[in-house]
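Residue numbers (our numbering), protein chains in the order written: chain A, 1 to 331; chain B, 1001 to 1331; chain C, 2001 to 2331. For every residue, glycine included, the Cβ atom is placed at its ideal position computed from N, Cα and C. Below is one structure, written out as structure tokens, with a few remarks after it.
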Amino acid sequence: QTNVQVYGIMDAGVEYVNHANANDGSQVRVVSGGKNTSRWGFRGSEDLGGGLKAVFNLEGGVMLDTGAQDGNLFKRQANVGLEGGFGRVIIGRSFTTTYDLVIKFDPMGFAPNYSWATSGNATGPSKYGMTTAFDNLIKYTGTTGGFTYGATVGMGEQAGSAADGRKYAVGGSWFGGPVGLMAAYEQINGNTLAATGNRDKTSAFHLGAEYKAGSMTYQAGMRGYKLESGKAATPDVRGDTYWAGATWAAYPWTVTGAVYHVNTKNLPADKDADPTMLVARAMYSLSKRVWLYASVAHAKADHGQLVGLSRDDPGFGSTQTGITTGIQYRF
Amino acid sequence: QTNVQVYGIMDAGVEYVNHANANDGSQVRVVSGGKNTSRWGFRGSEDLGGGLKAVFNLEGGVMLDTGAQDGNLFKRQANVGLEGGFGRVIIGRSFTTTYDLVIKFDPMGFAPNYSWATSGNATGPSKYGMTTAFDNLIKYTGTTGGFTYGATVGMGEQAGSAADGRKYAVGGSWFGGPVGLMAAYEQINGNTLAATGNRDKTSAFHLGAEYKAGSMTYQAGMRGYKLESGKAATPDVRGDTYWAGATWAAYPWTVTGAVYHVNTKNLPADKDADPTMLVARAMYSLSKRVWLYASVAHAKADHGQLVGLSRDDPGFGSTQTGITTGIQYRF
Amino acid sequence: QTNVQVYGIMDAGVEYVNHANANDGSQVRVVSGGKNTSRWGFRGSEDLGGGLKAVFNLEGGVMLDTGAQDGNLFKRQANVGLEGGFGRVIIGRSFTTTYDLVIKFDPMGFAPNYSWATSGNATGPSKYGMTTAFDNLIKYTGTTGGFTYGATVGMGEQAGSAADGRKYAVGGSWFGGPVGLMAAYEQINGNTLAATGNRDKTSAFHLGAEYKAGSMTYQAGMRGYKLESGKAATPDVRGDTYWAGATWAAYPWTVTGAVYHVNTKNLPADKDADPTMLVARAMYSLSKRVWLYASVAHAKADHGQLVGLSRDDPGFGSTQTGITTGIQYRF
């Protein structure tokens, strides 16, 4: 048998949020994946000689509060490929080059409780966000010295038009001494609309920077998001997301503070939510694989617009405060 | 890598039942889980030092007759927690304290073919039963000498009302010499009805006792079930389930006989099914992990009411007889 | 713990096909399972002494292009049984005796890209094919010298009629020196129709032969398919599938050429598609577990009927040409 590993992250906790329904009620709930999405999977590699390896990965998400699968069975990773001195090429389903690069520059590491680095929550879930994973992808990742770079294509698979539905992401990062820098770009094509001959086209670019000094790490990043509509006379949807934060690490403690802000654009002034979220998190390591953590966040929107801490759930008020305490076990 | 185990139970057999449809036809079928529900999963633990461990469990059910999953992917177990001298605390989805305690006092061990200890089958499936597992749970289990005790809370997660939808179970057992005793209580809240300001509330208490003498084990148990309706002027639904049985074990043989009886209440006399089931089972161990088994059961209902052997399927006659032969493999 | 193995096949590639939609557009797509269906599972065995073993198998399909499961969670294998000098008996869900026997006589080994040995594609997907797997099955497989033989029953589980919905398959193969021979028969019962008292009945027989000479293997096979309708005055549906091919193997290369032809019957002459597919495939082994492969196929139908290379997708033209390049990793 080749080298196969069963692995996963089990992350669950209890969250309190206010403004949790239309009647302004608060809620206490069991959450799955407060720090990182709970997941399970298999991965393996086979040495082919000459520095070449075959690699595969199957990984699915799981909701620990109900035991339900989180989307498709192996939604997170379902791919096979080759890895060698040239880098790594995989085919199937996986996260994008953008996702892989940006996560290193989010102080909260895309934590569901709480980060807006994958998508900013303003007047609706997942708006102005990145596309975290592609179906039908081919992904290349390479490294040269301090540089990591890559490109991902997700085929549209529309008969008669290779460009309809096609997705791609490209970018790179560089780490040298105390400094890290990152840039990434993605474009998501919709299908051509018969009425106009145009298609929806979503693009997003990301920039990030990091500076380390002793036990402190400082990070900042931004995303410029734009949706050009294929329909005639439909204005673009635009929103820029900015974040910055600092992490202090002294084993067994890791403490992070961060701020996220979305600048919604092309909206009437009285609908311009421009939401901001402040987050703080303390983690205590019980071992290399097990952490206890507590996160607190407060979000607010301008002009009485609705806002939610979670990138997946809409909000019911113009502010929301939440506290999550949990445990994470990586196996 | 931490200690991770792939495990499961593969249990399949062939069952004959009479009165299997409205035309009184009999049926021969392949059944999954005649002795115990077929399942698969992962579990692991990580030593944190000082007697403390982190623990996790993912477990799903599988129908061996079709290969389909049995409900949510990891419906049976999806939890993470800590275990130490203080006991064990987990968070996520799991079986309840009631389930864990009562199974030790059911001579048939909750066997799908055949036991009514989790739910009594009378005029409909799963009536008058326990709630076997909770979503959104926090469960504590402790032991002190011969005592095992615990409590489970399943959060209702209704914004604005912590009590709506909340579930809890509490209980304990004691084993000393040849004697074992058990008591457990559970309460399941519905949501508040606007019309009355009340909510449905289901409660069940369980009592059990065991006595061992040589190769014989004698067990008896009961459940008192009550559903108080939140609607005005709606009578309670009540039903008490009683069981008793004996097991003779002499390796490689284990032979069990048991009787289950449900006393349905608050029904018109001519609808009062009060069903009874007699069961006998012989198991032959091929190894520590593999058994062959044969079970035979006969159920009858009073007043011409319908009854079925299975707690999941309704019956088509006022009696039903079934025979199951199968194999179980624990890996 | 008993002997448990995590295993699977990860197979993905890129396919080009022409005539991929009604507008005659071509398509480039990521495909999962070009050479063999991508899958994952668990299998194990427990030594019971005296040459007897308990065995189990859970195996599901996975679409590597999306991460979705391919049908029921463990649709491919979900069974438990015993194996010894007498052969192997399993109960649950599995492939049939026919499937197990015929795959050895298909030059392309049931490759999704491209083979019609499981089902012939003509004027619709999966017509005139075998039934690859049964629910509710009991399967026996035995070997005696060069003979392998077996029988599979899939219970209909219709109350009141054991024959309604029942399926069975029986057959055997013999290998001796350079020669191999195979014959198999299957019958699939529908349910009795009240109007006629008859039921639909599908039957298929398979014959196959193989001859090896040096690094060459020559194979040919056929299936005779018939659907007798339970409805009055409804003609049979009939179609015979024939194939032949040759494989040249010289490590690390394996090259195969094959032709498949379906003779559709009982159709008006101008609807008689009688489709033919020519296939060639080259495989290059990177290790015992990892292959690169490229397949090319061309299918055509008579009388302007539609035809598709894939047994799962309908075609949009009277010919289709496809090329698939991929990688397969067996773990």
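Around B/Val-1004, the beta-carbon contacts reaching into chain A at under 7 Å are Val-6 and Phe-331. Cα atoms of C/Asn-2113 and A/Gln-77: separation of roughly 23 Å, rounded to the nearest angstrom.
A/Thr-196 counts as exposed, since fewer than 16 other beta carbons sit within 10 angstroms of its beta carbon. Taken in chain order, the unbroken stretches of beta strand (DSSP E) that lie wholly in the region 89-177 of chain A and span 3 residues or more are 133-144, 147-154 and 167-176. The contact set of C/Asp-2135 on chain B, defined by CB atoms closer than 7 Å, consists of Asp-1065 and Thr-1066 in chain order.
Counting only runs of at least 3 residues, the region 255-321 of chain A fully encloses the following beta strand (DSSP E) elements, listed from N- to C-terminal order: 276-285 and 290-300. In this model, A/Lys-104 and A/Ala-163 are separated by some 30 Å (Cα to Cα).
Take A/Trp-174, set aside five residues on each side of it, and the residues of its chain with a beta-carbon closer than 6 Å to its own are Gly-146, Phe-147 and Leu-181, in chain order. When the alpha-carbon of B/Asn-1023 is set against those of C/Ala-2159, C/Gly-2322 and C/Gln-2187, the nearest one is in C/Ala-2159.
Taking 8 Å as the cut-off, the beta carbon of B/Tyr-1218 is found closer than this to the beta carbon of B/Ala-1246.
At a C-beta separation below 9 Å, C/Lys-2075 has these neighbours in chain B: Thr-1066, Gly-1067 and Ala-1068. Ranking B/Thr-1152, B/Gly-1304 and B/Phe-1134 by CA distance to the CA of B/Gly-1171 puts B/Thr-1152 first. C/Ala-2301 is not a Cβ neighbour of C/Ala-2258, given a cutoff of 8 Å.
Interface residue (Cβ-Cβ distance to chain A less than 8 Å): C/Arg-2289 is classified as such. Within chain B, the C-beta atoms nearer than 8 Å to that of A/Ser-26 come from Ala-1159 and Gly-1160, in chain order.
If you ignore the 5 residues before and after A/Gly-156, its C-beta comes within less than 6 Å of the C-beta of Asp-164, Gly-165 and Arg-166, all in its own chain and listed in chain order. Distance from the CA atom of C/Asp-2312 to the CA atom of C/Gly-2177, rounded to whole angstroms, is 37 Å.
The DSSP-derived three-state label of B/Lys-1035 is coil. Apart from sequence neighbours up to five positions away, the residues of its chain that approach B/Ser-1026 with a beta-carbon distance below 8 Å are Tyr-1016, Val-1017, Asn-1018, His-1019 and Ala-1020, ordered along the chain.
Straight-line measurement puts the Cα of A/Gly-230 at about 46 Å from the Cα of B/Thr-1066. Counted as a single uninterrupted DSSP element, the beta strand (DSSP E) harbouring B/Gln-1187 occupies residues 1179-1192.
Close to C/Ala-2020, with beta-carbon spacing below 7 Å, are these residues of chain A in chain order: Ala-159.
Annotation for A/Asn-266: Pro-235, Asp-236, Val-237 and Arg-238 place their beta carbon closer than 8 Å to its own, counting only its chain and skipping 5 residues before and after. Interface criterion met: the Cβ of C/Met-2155 is under 8 Å from a Cβ in chain B. Judged by beta-carbon spacing, B/Gly-1129 lies within the 8 Å limit of B/Ser-1119, meaning their Cβ atoms are closer than that value.
Under the three-state reduction of DSSP, B/Tyr-1242 is assigned to strand. When DSSP reads this structure, C/Lys-2226 sits in a beta bridge with C/Ser-2203 and C/Arg-2238.
Interface with chain B (8 Å Cβ-Cβ cutoff): C/Arg-2093 is included. Contact with chain B is absent for C/Leu-2193, since none of that chain's Cβ atoms lies less than 8 Å from the residue's Cβ.
In its chain, beyond the 5 residues on either side, Leu-2278 and Thr-2321 have a beta carbon closer than 6 Å to the beta carbon of C/His-2298.
The C-alpha of C/Gly-2326 is placed about 49 Å away from the C-alpha of A/Phe-316. Of the other Cβ atoms in all chains shown, 16 or more fall within 10 Å of the Cβ of C/Phe-2042; this residue is therefore buried. Each residue's CA atom was taken as its position, placing B/Gly-1049 and A/Val-290 some 12 Å apart.
Beta-bridge partners of C/Lys-2212 (DSSP): C/Thr-2217. Under the three-state reduction of DSSP, B/Gly-1008 is assigned to strand. DSSP places B/Phe-1086 in no beta strand (DSSP E); its state is neither H nor E.
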